[in-house]
């Protein structure tokens, strides 16, 4: 069943229309005009959310991430007011695990908020989810500090302001808070390097001779591809998930190549994967990822980081992160900042990040709604 999103609806604001998000084959095509509009909207919201330009991305960097995959399908609608693009709602639909879940993102231009466009866009998004046969919606929202009551995380660690507009919108539509995440930022520079080397050396002494650091850029060398895939699979079970538990993901070399590397390489991203190898077994037992999109910014993102539970207690998290940051500094000295996310209940990893010099930047709530 297709959605008739142009028909008048008394619950929709005046001038509201919605159209499918079509992914162009090339940004030079006339059909790409809407994608360029969407990019401009996305970047306006990013500037307003993060209060800097670090997360502004050009259309050519965004486009590869919208291509179809055997692991996830994306559906979406562009929201207009009398023809002007004022919002978007996207639904990512996993195809191999968590096939009951839809991951929703909704963005409304600041000038169109509090006029019913967000509510109408959400209702449209929920209809997309139901049409796809999914029974649970998950979404993530940045929450700015507001005086007043707090909503505690069900994990017992972290909370968000109950009167934040995003929290009010989600609570009013039946969502429950599942976890609070901290976004942190690390300012890089020559003054940081000596401290990183000291942390690296201290962690290496505790880890001992059974462990060594290895690293690579995409594409992953064949000698490490299977171990890397196994570590990615363990992320889905070993990392704190709050009330948003996920199915165990199945990763192999093919999935690494097709889901991770193909998009990053197509965009021209710079990626450095650092890992700790357990020499007696030859296995990779910890890893971390640093990535800069090909957008010309001075920002990088520290993505997944994990130490296998059976190898914890040897300072491997600190070792792999410090080593990787130092290696990154030698390869990309122009990068000024690194951002990362951690669950507020993940105190061991927060301790590592704080030792490295990361400081809190914003809080993000992870929310879920089970559909009737």
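Residue numbers (the working numbering): 3 to 374.
Glycine included, each C-beta is placed from N, C-alpha and C at the ideal position.
- Here residue 130 has 77, 93 as same chain residues with Cβ atoms under 6 angstroms from its own Cβ, once five neighbours each way along the sequence are excluded.
- The segment 247 to 254 and the segment 297 to 308 do not touch, with fewer than 3 CB-CB distances between them shorter than 8 angstroms.
- In the structure shown, the three-state DSSP call for residue 332 is helix.
- Under the three-state reduction of DSSP output, residue 350 falls in the helix class.
- Boundaries of the beta strand (DSSP E) harbouring residue 144: 138 to 145, taken from the DSSP string.
- Residues of the same chain with a CB within less than 8 angstroms of the CB of residue 217, apart from the 5 flanking positions on each side, are 274, 275, 276, 277, 325, 326, 329 in chain order.
- For residue 316 against residue 215, the beta-carbon gap comes to about 13 angstroms, at or over 8 angstroms, which does not count as contact.
- Segment contact: the segment 60 to 77 against the segment 95 to 109, three or more CB-CB distances shorter than 8 angstroms; contact assigned.
- The segment 133 to 146 and the segment 96 to 116 touch, with three or more beta-carbon pairs separated by less than 8 angstroms.
- Counting along the chain, no alpha helix (DSSP H) covers residue 57, and no H or E run does either.
- When secondary structure is reduced to three states using DSSP, residue 265 falls in the helix class.
- In the structure shown, residue 237 adopts helical secondary structure according to DSSP, grouped into three states.
- Assigned with DSSP and collapsed to three states, residue 280 falls in strand.
- Residues 139, 176, 177 of the same chain have their beta carbon placed closer than 6 angstroms to that of residue 371, with the five preceding and five following residues left out of the count.
- Setting aside the 5 residues that flank it on each side, residue 220 is surrounded in the same chain by 263, 266, 267, 273, each with a C-beta closer than 7 angstroms to its C-beta; the list follows chain order.
- Between residue 288 and residue 294, the C-beta spacing is not below 7 angstroms.
- Around the beta carbon of residue 367, 16 or more other beta carbons sit within 10 angstroms, so the residue counts as buried.
- Distance from residue 190 to residue 58 at the Cβ level is roughly 19 angstroms; contact not present, criterion being Cβ atoms closer than 8 angstroms.
- Here DSSP, grouped into helix, strand and coil, assigns residue 314 to coil.
- Considering only 312, 313, 69, 121, the residue with the shortest C-alpha distance to residue 24 is 69.
- Scanning its chain for C-beta atoms nearer than 6 angstroms, with the 5 sequence neighbours on each side dropped, one finds around residue 244 the residues 157, 180, 181, in chain order.
- Residue state for residue 75 is assigned as strand, using DSSP reduced to three classes.
- Per DSSP, residue 251 lies in no beta strand (DSSP E) segment and is marked neither H nor E.
- According to the DSSP secondary-structure assignment, residue 362 is paired through a beta bridge with 186.
- Counting C-beta pairs closer than 8 angstroms gives three or more between the segment 342 to 349 and the segment 148 to 164, which meets the contact rule.
- Taking the C-beta atoms as reference points, residue 119 is found nearer than 7 angstroms to residue 89.
- The beta carbons of residue 231 and residue 258 sit closer together than 7 angstroms.
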